[in-house]
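Trainee:
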Amino acid sequence: MDGYLNEQFIVNYLNGRKIKSLNIMCLEMIESLFENIKQNDKLIAWKNPFKQKTDIFIKINDQIKRISVKSGIKNSIHVEPISEFIHFLIENNIERKYIISYLKYHYADGTTNGSGIKRLSVEEYKKEHQNEIDLLNKKLNNKLLINKIIDRFILKGNNDIHSIDAIIYGSCDDFVFITRNEIKEIIYNKMNDYSTGVHFSTLSCQPMNRCLNYNPKYEKNRFCVQIKWYNLFDDILEYKNNLLIKKCQNSNPSAKNVAQKNL
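If you count the sequence shown from 1, you need to add 38 to reach the numbering used here.
(1) Under 8 angstroms, do residue 261 and residue 120 count as touching if we go by C-beta distance?
(2) Whole-angstrom Cβ separation of residue 80 and residue 54, contact assumed at under 8 angstroms?
(3) Hey, quick one: how far does the alpha helix (DSSP H) through residue 218 stretch, first residue to last?
(4) If you draw a straight line from the alpha carbon of residue 91 to that of residue 186, how long is it in whole angstroms?
(5) Quick one: residues in its chain with C-beta nearer than 7 angstroms to the C-beta of residue 210, no 5 flanking neighbours on either side, listed in chain order?
(6) With H, G and I counted as helix, E and B as strand and the rest as coil, what does DSSP make of residue 163?
(7) Does the segment 135 to 152 come close enough to the segment 254 to 272 to have 3 or more Cβ pairs within less than 8 angstroms?
(8) Just confirm the distance between the C-beta atoms of residue 237 and residue 175, as a whole number of angstroms; I'd bet it's less than 8 angstroms.
(9) List the whole-angstrom C-beta distance separating residue 242 from residue 268, where the pair is believed to meet the contact cut-off of C-beta under 8 angstroms.
(10) Mark residue 266 as exposed unless 16 or more other C-beta atoms lie within 10 angstroms of its C-beta, in which case mark it buried.
(11) Report the partner residues of residue 47 according to the DSSP bridge assignment.
(12) In terms of alpha-carbon separation, which member of 193, 140, 244 lies closest to residue 221?
(13) For residue 57, name the three-state secondary structure that DSSP assigns.
(14) Cβ atoms of residue 147 and residue 134: under 8 angstroms apart, would you say?
(15) With 16 as the cutoff for other CB atoms within 10 Å, does residue 103 come out buried or exposed?
(16) In this structure, how does DSSP classify residue 64 when only helix, strand and coil are distinguished?
(17) Please name the residue, chosen from 276, 44, 163, 57, that lies closest to residue 250 on a Cα-to-Cα basis.
(18) Give me the Cα-Cα distance between residue 180 and residue 228, rounded to the nearest whole angstrom.
(19) Can you name the residues that DSSP bridges to residue 262?
(20) Checking contacts by CB at 8 angstroms: is residue 181 closer than that to chain C?
(21) To the nearest angstrom, how far is it from the Cα of residue 60 to the Cα of residue 76?
(22) Could you pull out every unbroken alpha helix (DSSP H) segment of at least 4 residues lying fully inside the segment 175 to 246, listed in chain order?
(23) Would you tell me roughly how many angstroms separate the C-alpha atoms of residue 44 and residue 114, rounded to the nearest one?
(24) Could you tell me the alpha carbon to alpha carbon distance between residue 65 and residue 284, rounded to whole angstroms?
(25) Buried or exposed: where does residue 118 fall if 16 or more other Cβ atoms within 10 Å of its Cβ makes it buried?
Here it is as structure tokens:
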């Protein structure tokens, strides 16, 4: 389903509905996000008219929550000009040699400004430069920087002062969700996971388009950085399953094997 329509369907379902009439998934999410609510309280929901991390707003009484809605595969969660991205790295004390390392990876044409004649695919570039990429990833994946990455790429973006409160992945009648704190936990837990590409924890960093065929229609996309959360759905499920296993262990240590079989 088209992302815009999916967001509108969710808004249409929630808006004006009483808490007691929500489906089980929506009820679980609402009860996780809102405090001191009653079954007869009504929801007000609307789409964000601006292009920000928040896709929809949900209001109950005087509480407002901001939701990002995702669906499909290979989710792109952030795009910005490479000049802004490099400035962000410099502001966060990433040394010049690592900036150069990223630029060479980004353009993969032997230059740091995209002016090279021969362009390599990412796989071709990795064959000759994997060690350099690994060193760059080691530098980028530190908790101080990852904290700021989470805000910039997932929670706030670079055009809002407010953070999202949750991500919904899926449609109104079939979705999973994670709260802001759960998003942070997932990202922190995967900081040391290995990837052959440039990444921030589980988030992949790449040009919006490498434009290997020199198509002028997409040439401008070479100068944008795109952040993708390729395994968003899998990461959410893994996190939720681990919570369930932990809950089973705490209530009954012998139930661990049973919980794992059920998952």
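The C-beta atom is built at its ideal place from N, Cα and C for all residues, glycine as well.
Mentor: This is what the structure holds:
(1) Yes, the Cβ-Cβ distance between residue 261 and residue 120 is below 8 angstroms.
(2) 6 angstroms
(3) Residues 218 to 227.
(4) Near 15 angstroms, if we compare the C-alpha coordinates of residue 186 and residue 91.
(5) Close CB contacts of residue 210 within its chain, under the 7 angstroms cut and outside five residues either way in sequence, are with 47, 48, 51 (chain order).
(6) helix
(7) Taking a contact to require three or more Cβ pairs closer than 8 angstroms, the segment 135 to 152 and the segment 254 to 272 qualify as touching.
(8) 6 angstroms
(9) 6 angstroms
(10) Counting Cβ neighbours within 10 Å, residue 266 comes out buried, since at least 16 surround it.
(11) Under DSSP, residue 47 shares a beta bridge with no residue.
(12) Distance check between residue 221 and each of 193, 140, 244 places 193 closest, using alpha-carbon atoms only.
(13) helix
(14) no
(15) Buried is the call here.
(16) helix
(17) 163
(18) 11 angstroms
(19) 119
(20) Of the protein chains in this structure there is only one, and it is not chain C.
(21) Their backbone Cα atoms lie some 13 angstroms apart in a straight line.
(22) You should have 181 to 188, 218 to 227.
(23) 16 angstroms
(24) Rounded to whole angstroms, residue 65 to residue 284 spans 23 angstroms at the Cα level.
(25) By the neighbour-count criterion, in which a residue is buried when 16 or more other Cβ atoms sit within 10 angstroms of its Cβ, residue 118 is buried.
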